[in-house]
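What follows is a single structure, written as structure tokens, with notes after it.
Residue numbers (our numbering): 1472 to 1729.
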């Protein structure tokens, strides 16, 4: 079987029926934080009153706390799960806004330190100007090789989903494929995921499920975190050790109310 076919078999692609202007509603649903040239973002979390706050640690550093899912995020998560026939519900998301100033990213797998083993990652896309071009695309390639790749256009109201198991085997990147400067058409994406790590906040501190206090990484731990992340991006059988630290101050803060 051709490698491209094997990659495509691991990817779910579908489109949500157009109902409302999700770009405008999602844009107004969060407090954005600048995270780079042409990029804004925010972390969203669905708080479980019994288990705690779902945490997804990454190499991105935020100064503001995660924000609780609002009704628009809840509805979108349910619609994606139903449309893509994903068996596990989502409890965490990264919402991002790109302008043409952010054109490409390096190939990577999503950081799976806190992701549930049998869960899925789903990327929802929408645009400020749905009919305009160019649009972005998602490129997949196996870890260890860039010779073979599989491209999926990120159309308006589209969903691209893949399992955490596929995430271990593949790298991906989002690119704006246009050779010349184009009229800006901002892209808004929501990456839904399912955390297995639930944090509780007591007396101004965050505690992991085993009871250890979650702390901000020191210099040595930060170096280790990036080293482990590089291994994850290159090794198909990589698994994280238990880590009781984060490099993002936002993870130490209780989620903000909508």
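By construction, the Cβ of each residue, glycine as well, lies at the ideal position given by its N, Cα and C atoms. A quick note: this is a predicted structure, and the numbers were derived from the prediction, not measured.
Any idea what DSSP makes of residue 1497, helix, strand or coil? In the structure shown, the three-state DSSP call for residue 1497 is helix.
Could you pull the start and end residues of the beta strand (DSSP E) that residue 1662 belongs to? Per DSSP, residue 1662 belongs to the beta strand (DSSP E) from 1658 to 1664.
Under the rule that 16 or more other beta-carbon atoms within 10 Å means buried, what is residue 1585, buried or exposed? Residue 1585 is buried by the Cβ-count criterion.
Counterpart residues of residue 1645 in DSSP-defined beta bridges: By DSSP's assignment, residue 1645 forms a beta bridge with 1609.
For my contact list, residue 1509 and residue 1573 are in at a C-beta cut-off of 8 Å; report their separation, rounded to the angstrom. Indeed, because the Cβ distance is near 3 Å, the residues count as touching under 8 Å.
Is the beta carbon of residue 1598 less than 7 Å from the beta carbon of residue 1656? Yes. Within cutoff.
Please classify residue 1563 as buried or exposed, where buried requires at least 16 other C-beta atoms within 10 Å of its C-beta. That one is buried.
Alpha carbons only, please: which of 1630, 1624, 1642 is nearest the one belonging to residue 1648? Nearest neighbour of residue 1648 by Cα position, chosen from 1630, 1624, 1642, turns out to be 1624.
Taking the runs of the alpha helix (DSSP H) that are 4 residues or longer, which of them lie wholly in the region 1538 to 1589? Residue ranges of uninterrupted alpha helix (DSSP H) with 4 or more members, entirely inside the region 1538 to 1589 and ordered along the chain, are 1542 to 1554.
Give me the Cβ distance between residue 1548 and residue 1669, rounded to the nearest whole Å; I'm assuming they're in contact under 8 Å. Contact flag wrong, Cβ pair sits at about 17 Å.
By a C-beta neighbour count over all protein chains shown, 10 Å radius and 16 as the cutoff for buried, is residue 1567 buried or exposed? Flag for residue 1567 reads buried.
Is residue 1696 near residue 1702, with beta carbons less than 7 Å apart? Contact check for residue 1696 against residue 1702 fails: the beta carbons are separated by 7 Å or more.
Proximal residues to residue 1518 (C-beta, below 7 Å), its chain only, five neighbours per side dropped: Cβ neighbours of residue 1518 beyond the five flanking positions: 1524, 1539, 1726.
Quick check: what's the CA-CA separation for residue 1666 versus residue 1722? One C-alpha to the other measures close to 13 Å.
Counting C-beta neighbours from all protein chains within 10 Å, is the total for residue 1581 16 or more, i.e. buried, or is it exposed? By the 10 Å Cβ count, residue 1581 comes out buried.
Tell me whether residue 1480 sits in a helix, a strand or coil according to DSSP, three-state version. Looking at residue 1480 - three-state DSSP - the assignment turns out to be helix.
Would you mind giving the Cβ-Cβ distance between residue 1633 and residue 1482, rounded to the nearest angstrom? I have them listed as a contact below 8 Å. At roughly 5 Å, the Cβ-Cβ gap stays under 8 Å, so residue 1633 and residue 1482 are in contact.
Just how far apart, CA to CA, sit residue 1614 and residue 1699? Distance from the CA atom of residue 1614 to the CA atom of residue 1699, rounded to whole angstroms, is 15 Å.
For residue 1646 and residue 1808, the rounded distance between their alpha carbons: Coverage of the chain is limited to positions 1472 through 1729, which leaves residue 1808 absent and any answer about it impossible.
Beta carbon of residue 1678 nearer than 7 Å to that of residue 1684: Taking 7 Å as the Cβ cut-off, residue 1678 and residue 1684 qualify as a contacting pair.
Which two residues bound the contiguous beta strand (DSSP E) that contains residue 1671? Its beta strand (DSSP E) spans residues 1668 to 1673.
Could you tell me the alpha carbon to alpha carbon distance between residue 1490 and residue 1575, rounded to whole angstroms? About 30 Å.
In chain order, what residues of the same chain lie with their CB nearer than 7 Å to the CB of residue 1724, ignoring the 5 residues before and after it? Correct list, in chain order: 1536.
So which of 1557, 1579, 1694 has the shortest CA-CA distance to residue 1705? Nearest of 1557, 1579, 1694 to residue 1705, Cα basis: 1579.
With DSSP collapsed to three states, give me the class of residue 1716. In the three-state scheme derived from DSSP, where H, G and I count as helix and E and B as strand, residue 1716 is classed as strand.
Spatial neighbours of residue 1472 within its chain, please: C-beta separation below 6 Å, excluding the five flanking residues on both sides. Here residue 1472 scores only 45 on pLDDT, less than 50, and its place in the model should not be relied on; the value that follows carries that caveat. Cβ neighbours of residue 1472 beyond the five flanking positions: none.
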